Structure formats: structure tokens, C-alpha cells
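Protein chains in written order, with the numbering used here: chain C, 467 to 581; chain P, -17 to 100.
Now the structure itself:
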């Protein structure tokens, strides 16, 4: 049973380009969460999605960032016109439903470097 | 808003010895979950142990145990018989039981980097 799959593992973008990060949740999981980890920091919540719905995007910057979790296919975190401050590790996590006391299962993250 | 504080940026322990990592949190809620995650250099986030706030008994997972002091809002992690493979960043995390939009939102501390000396 494959875990949460994120790709790419590393992504380099020049300032002004777009970054697309993909996350395939664990089989049977319909809830996806995106977190950002800046250097020497803990993970910070960005957005929580269910299939075709954004449930909570309170941690997402208002501009340039968007996320989706379509009916078919992986969840995508999209960053438009990247800036150096977007350089970070981006983690996706999934759960089968309302988390309750079930832990979130994390992917290995995508390290985004903006040059 | 809830906050999680890890006051030890770095800790070191001798192999086979015991080490305790500190975590305090702030919340006005009475029911919630607490977690410790391990992040080795591979960057993977690995769940170490979890605790439900309504349970008085401290959680234990093999060599890992917690000291949960609800009144003091403290949730420390004890690692016994430390092994070289325990070297990693350790993050304490809080999750609300609020069944609103923020469910699933883990709030993390800044982490403690644990080194294990052979």
C-alpha cells in the first residue's frame, strides 16, 4: 500500500515562473492537506481539501497560491510568479476522512528552490 | 489561537541513554490531540506517538513515552535507550477537536534537533 506520493522531490524555478507541486494521497484517502516548512521552522498549515472542495484555506497566501483536488488525479499546489521567499519544503498529508485521532500521513515533501 | 512551543532548539544524548524533549502549548480548548513527529534528514515526517487530551494515561510506544501534564499544558517526549537512528528533528504538534473547517490543521512547534553520540 503506497504512502502519500509527492513529486517532484526537488523543483528549481527562476523568479517569475510557475511552480506546480503534485500530491497523490494514500489509497482510500479523500482528504488532503498542504503544509509549508521554511528552513529551521516547523510545518505551517496552508490548505485543507476534500475531493473537488476547498475546506479551509486560512493558511494560504491570498495571492499567487492556489490548490485543487480534482475528482480524478492528484492534488495540485500551484504557485504563480514565484519569488525567492517561496523557497521552502512543501508537504502534503492525507487522511481517510475526518481526522479524529487518526494521524495524518505525510509525503516526503517537495523542496522548491527559487533562483 | 493555539500555539506550540519547543524551547530546546538542540539536544544531545549518548547512545543507550535517556533524553527528554520539552513541549508546551497554549489553548483554551479542553479536548484536543497532541503528537510527536520525527523528521530525519530524508525529510519524511514520521509519527512517533500521539496522545488524546481526555486520556489521563500517558501514551507509550516501545522506547518512546510522553509525560502529559494537561493542567500545565506540557507534553514532553522521553526516548529511552537512545539509538543512532533516533537522530532527527522532533516536532511537537497540536490538533483541535473542533469539527469546523480547521479540523486536521496540525499546529507545529519549531522543532528540536536531537543528536545521538556513539
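For every residue, glycine included, the Cβ atom is placed at its ideal position computed from N, Cα and C.
All figures in this text were calculated on a predicted structure; none of them were measured in a lab.
Taking the straight line between their C-alpha atoms, what separation do you get for residue i and residue j?
i, j, result
"residue -3 of chain P", "residue 46 of chain P", "15 Å"
"residue 575 of chain C", "residue 471 of chain C", "9 Å"
"residue 51 of chain P", "residue 33 of chain P", "11 Å"
"residue 13 of chain P", "residue -10 of chain P", "26 Å"
"residue 528 of chain C", "residue 580 of chain C", "19 Å"
"residue -8 of chain P", "residue 68 of chain P", "14 Å"
"residue -5 of chain P", "residue 509 of chain C", "25 Å"
"residue 98 of chain P", "residue 4 of chain P", "17 Å"
"residue 531 of chain C", "residue 473 of chain C", "18 Å"
"residue 526 of chain C", "residue 475 of chain C", "21 Å"
"residue 22 of chain P", "residue 511 of chain C", "20 Å"
Taking the Cβ atom as the reference point for each residue, do residue i and residue j lie within a distance shorter than 8 Å?
i, j, result
"residue 78 of chain P", "residue 11 of chain P", "yes"
"residue 573 of chain C", "residue 557 of chain C", "yes"
"residue 569 of chain C", "residue 96 of chain P", "no"
"residue 498 of chain C", "residue 535 of chain C", "yes"
"residue 552 of chain C", "residue 545 of chain C", "yes"
"residue 537 of chain C", "residue 518 of chain C", "yes"
Assign residue i to buried or exposed, taking buried as 16 or more other Cβ atoms, counted over all protein chains shown, within 10 Å of its Cβ.
i, result
"residue 502 of chain C", "buried"
"residue 53 of chain P", "exposed"
"residue 560 of chain C", "buried"
"residue 490 of chain C", "buried"
"residue 20 of chain P", "buried"
"residue 66 of chain P", "exposed"
"residue 7 of chain P", "buried"
"residue -12 of chain P", "buried"
"residue -15 of chain P", "exposed"
"residue 91 of chain P", "buried"
"residue 36 of chain P", "exposed"
"residue 494 of chain C", "exposed"
If you drop the 5 nearest sequence neighbours on each side, which residues of the same chain put their C-beta closer than 8 Å to that of residue i?
i, result
"residue 0 of chain P", "60, 61, 62, 63 and 64"
"residue 88 of chain P", "17, 75, 76 and 77"
"residue 516 of chain C", "496, 497, 498 and 535"
"residue 469 of chain C", "492, 571 and 573"
"residue 31 of chain P", "17, 18, 41, 42, 43, 46, 47, 48 and 59"
Among residues of its own chain, excluding the 5 on either side of residue i, which ones have a beta-carbon nearer than 6 Å to its beta-carbon?
i, result
"residue 523 of chain C", "513"
"residue 555 of chain C", "503, 575 and 577"
"residue 484 of chain C", "546"
"residue 550 of chain C", "580"
Measuring only from the beta carbon, is residue i closer than 7 Å to any heavy atom that is part of the ligand FAD?
i, result
"residue 8 of chain P", "This structure lacks the ligand FAD; in fact it carries no ligand of any kind."
Beta strand (DSSP E) runs contained entirely in the stretch 55 to 79 of chain P, provided each spans 3 or more residues
Look at the stretch 55 to 79 of chain P and you find these whole runs of beta strand (DSSP E), each 3 residues long or longer: 56 to 61 and 70 to 78.
Suppose only complete runs of 3+ residues qualify. What are the beta strand (DSSP E) ranges in the stretch 499 to 569 of chain C, listed by chain order?
Listed in chain order, the complete beta strand (DSSP E) runs (minimum 3 residues) inside the stretch 499 to 569 of chain C are 509 to 516, 519 to 522, 531 to 534, 541 to 545 and 554 to 561.
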